[in-house]
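Numbering (my numbering), first residue to last: 111 to 389. Notes for the one structure printed next.
Set out below in C-alpha cells:
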C-alpha cells in the first residue's frame with residue numbers, strides 16, 4: 111500500500127509524497143496442543159491396554175480363585191478382540207492423524223496390537239487347528255478304560271464326569287487318535303511299574319496314588335497357563351501270553367474340549383516310558 115503525507119518545498123509550496131507501507135506480518139499458526147491430537151489414536155491405545163489387561167487377567171484370576179472359569183475364560187477372547195480393534199483403529203489413526211505425537215500413539219497401538227495377536231496366534235493356533243474333537247476324556251482302552259480310585263472324590267467335585275462315558279466319545283477319539291492303543295511290552299510288570307512312576311514324576315505330575323499290587327498309578331497334571339487339573343490313571347497288568355499291557359487314561363476336570371492336550375499327554379508319556387525301559 112502507498113500512503114500520502116504533505117511536506118513543504120523550498121519555495122514554500124506544499125508537496126505530496128508517496129511512501130510504500132510495510133506489508134502486514136502473516137499471522138502465526140495456532141500452536142498444536144494435546145487437545146488437538148487425534149482421538150482415534152488415543153482410543154487405539156486404550157483398546158490395546160484393555161486387551162492386554164484382559165488377556166493377562168483371564169488365567170490369573172482363575173488360577174488364584176478370584177473368578178470362576180465361566181467368567182474368567184471369556185475374558186481371554188475379549189482381550190484378543192480388543193487387541194484386533196487396536197490394530198484397526200491404530201491404523202486409521204496413523205492415516206488420519208497429522209500431529210506427530212498423536213501419530214506416535216497410533217503407531218504404538220498398531221504395533222503393540224500386532225505383537226499381542228501374533229504371540230497369541232503362534233501359541234494357540236496350532237492347538238486350535240489340530241482337528242481335535244470336542245472331547246476331554248482320552249484312554250488307550252475305550253472298551254475297558256482304567257478307573258480313578260484315589261482321585262474319585264476330586265473328580266466328583268469337578269464339573270466333568272468321573273466314569274468313562276464311551277459311546278460317541280470313544281468313536282470320536284478313535285477317529286481322531288487311532289494311534290492311541292494298549293501298549294504291549296515284554297518286560298515284567300514290576301520293572302514297568304517302577305519306570306512308569308518315575309516317568310510320571312519326571313513329567314511334573316503330582317502322584318496321588320501308587321499301588322504296585324494293583325498295577326495302578328494315579329496322578330494330576332496341571333496346565334501351564336490356566337492351571338487346569340487333568341487327571342491321569344495308569345494301569346499295568348500281565349497278559350495270558352506272559353507279556354505286560356499298559357493302558358493310560360487322561361481326563362480333564364473342566365471344559366468341553368481339551369484341544370488334543372490329553373491325547374498329546376498320553377503319547378508323550380508312552381514315548382518317555384519306552385525310552386526309560388530301553389536305557
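Note that beta-carbon positions come from the ideal geometry of N, C-alpha and C, so glycine has one too.
- Residue burial annotation: residue 207 is buried, with at least 16 other C-beta atoms found within 10 angstroms of its C-beta.
- If the five residues before and after residue 356 are omitted, its C-beta is found closer than 6 Å to the C-beta atoms of 293 and 346, all from its own chain and listed in chain order.
- Counting the other Cβ atoms within 10 Å of the Cβ of residue 341 gives 16 or more, which makes it buried.
- Residue 331: member of the beta strand (DSSP E) spanning 326-332, first to last residue.
- Separation of the CB atoms of residue 158 and residue 193 is rounded to 6 Å, and the pair is thereby assigned contact status at 8 Å.
- By the 16-neighbour rule on beta-carbons within 10 angstroms, residue 247 is buried.
- Leaving aside the five residues that flank residue 224 on each side, the residues in its chain whose CB is nearer than 7 Å to its CB run, in chain order, 197.
- Cβ atoms of residue 154 and residue 216 come within 8 Å of each other, at about 6 Å.
- Per the coordinates, the alpha-carbon of residue 274 lies some 9 Å from the alpha-carbon of residue 280.
- Residue 202 and residue 270 have their alpha carbons spaced roughly 45 Å apart.
- Within the same chain, and ignoring the five residues on either side of residue 284 in sequence, the residues whose Cβ sits closer than 7 Å to its Cβ are 252.
- In the displayed model, residue 252 falls within coil according to three-state DSSP, outside both helix and strand.
- Under the Cβ criterion (8 Å, minimum of three pairs), the stretch 289-303 counts as touching the stretch 372-388.
- Of the residues assessed, residue 366 falls on the exposed side of the cut-off, its CB having fewer than 16 other CB atoms within 10 angstroms.
- With the rule of 3 Cβ pairs closer than 8 Å, the stretch 310-324 does not count as touching the stretch 230-245.
- Taken atom to atom, the span from the alpha-carbon of residue 204 to that of residue 191 is near 20 Å.
- Within the stretch 328-378, the complete beta strand (DSSP E) segments of 3 residues or longer fall at 339-348 and 354-362, listed in chain order.
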